[in-house]
Amino acid sequence: AQRVTQPEKLLSVFKGAPVELKCNYSYSGSPELFWYVQYSRQRLQLLLRHISRESIKGFTADLNKGETSFHLKKPFAQEEDSAMYYCALRAKGGSEKLVFGKGTKLTVNP
Amino acid sequence: GAGVSQSPRYKVAKRGQDVALRCDPISGHVSLFWYQQALGQGPEFLTYFQNEAQLDKSGLPSDRFFAERPEGSVSTLKIQRTQQEDSAVYLCASSLSPALSQQFFGPGTRLTVL
C-alpha cells in the first residue's frame, strides 16, 4: 500500500527564517514524489517533482530513499509562501493516481 | 490558455438526492482524474480515465458513485442517493499523457449534503 505522511498540520515561521516541511512515504516499489501547493482561493498546483531536481520559488526537495522522505526546504521564507502544501506520491509503472498527504499549512509572519 | 474547469462550483443537496458534477479538462489531455477532498484532509483518489476508458475506479467509495467520460473529453461524476458523508470538495485533474506527466487541477466543486 502507498501512504504519504506529513506530520505537521500547521507550521509558522517568521519572514527570512528557514523553513522545512516534512514528508515521509511508504511504498515498496519505485516512487515518484511531488509537492503541490494551494494558495488562498486558488487551485492546487504543482510546485516541484523529484525527477526534475529543480528549484521553484526558492524551494528544493531531495528524495531520500533510505529514510523514505521528501522534505521541502527553503532557506529564507517569504510572506507570499503562506499556503497549504501537499506531498504526493505516484507509483512508477502503476496506476497514474496520486496519493496525497493530509497537508501542512505554512504561515510566514512578517 | 484555459485550464481545467468544473461546474457547478458549489452544490447543496438534500440527503437522498442525486447529483452530477462536471469536469472539462484541458483540450487534448488524454488522462482525467477525480479526487475527493474532505475538510482538513488531502485529496483522495476516486477514479481515472485514459481517453474514454475508465482504467482505475478503485477509489470510488460505494456503488452510489459513478463516473463517465463517453467521448474522451468531458467527464461527469454522479453520486446517487447522497449521504452527509459525501460532503466534500470534488477535484478534477487532467494530464497530457499517462506517463511522467503533470496533473493540472480544476477549482473543485464543493458539495454540501444536508
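In order, the protein sequence lines correspond to chains V and D. Quick note on our numbering: the first sequence kicks off at -1 and runs consecutively. Quick note on our numbering: the second sequence kicks off at 12 and runs consecutively. Where a beta carbon is used, it is the ideal one built from N, C-alpha and C, also for glycine.
Is the Cβ-Cβ distance between residue i and residue j less than 7 angstroms?
i	j	result
residue 52/D	residue 100/V	yes
residue 97/V	residue 0/V	yes
residue 5/V	residue 87/V	no
residue 84/V	residue 34/V	yes
residue 59/V	residue 68/V	yes
residue 13/V	residue 78/V	no
When the Cα of residue i is compared with those of the options, which residue comes out closest?
i	options	result
residue 18/D	101/D, 38/D, 70/D, 73/D	101/D
residue 123/D	116/D, 62/D, 49/D	49/D
residue 14/D	83/D, 32/D, 117/D	117/D
residue 46/D	107/D, 112/D, 99/D, 125/D	99/D
residue 119/D	35/D, 96/D, 94/D	35/D
residue 31/D	80/D, 55/D, 39/D	80/D
residue 75/D	40/D, 84/D, 66/D, 96/D	96/D
residue 9/V	95/V, 55/V, 18/V	18/V
residue 89/V	39/V, 23/V, 55/V, 52/V	23/V
residue 105/D	91/D, 29/D, 86/D	86/D
residue 41/D	24/D, 33/D, 66/D, 21/D	66/D
residue 55/V	80/V, 3/V, 108/V	80/V
residue 94/D	108/D, 72/D, 68/D	72/D
residue 57/D	103/D, 33/D, 64/D	103/D
The beta strand (DSSP E) with residue i in it runs from where to where?
i	result
residue 37/D	Unbroken run through residue 37/D: none, as it is neither H nor E.
residue 122/D	120 to 124
residue 10/V	8 to 12
residue 102/D	99 to 106
residue 86/D	86 to 90
residue 103/V	102 to 107
residue 94/V	Note, residue 94/V: premise wrong, no beta strand (DSSP E); not H, not E.
residue 43/D	42 to 48
Using DSSP with H/G/I as helix, E/B as strand and the rest coil, what is residue i?
i	result
residue 78/V	helix
residue 4/V	coil
residue 126/D	Beyond the ends of chain D as shown, which are 12 and 125, falls residue 126/D; an answer cannot be given.
residue 96/D	helix
residue 62/D	coil
residue 17/D	strand
residue 36/V	strand
residue 68/V	coil
residue 54/V	strand
residue 41/V	coil
residue 88/V	strand
Quick one: measure Cβ to Cβ for residue i and residue j, integer angstroms, because I've assumed they're closer than 8 angstroms.
i	j	result
residue 60/D	residue 43/D	5 angstroms
residue 57/V	residue 44/V	Between residue 44/V and residue 57/V the Cβ distance is about 12 angstroms, and since that is not below 8 angstroms, they are no contact.
residue 16/V	residue 103/V	Contact doesn't hold; Cβ gap of about 18 angstroms is too wide.
residue 55/D	residue 70/D	6 angstroms
residue 92/D	residue 21/D	About 20 angstroms; that fails the 8 angstroms criterion.
residue 32/V	residue 47/V	5 angstroms
residue 107/D	residue 23/D	Residue 107/D to residue 23/D, Cβ: 34 angstroms. No contact.
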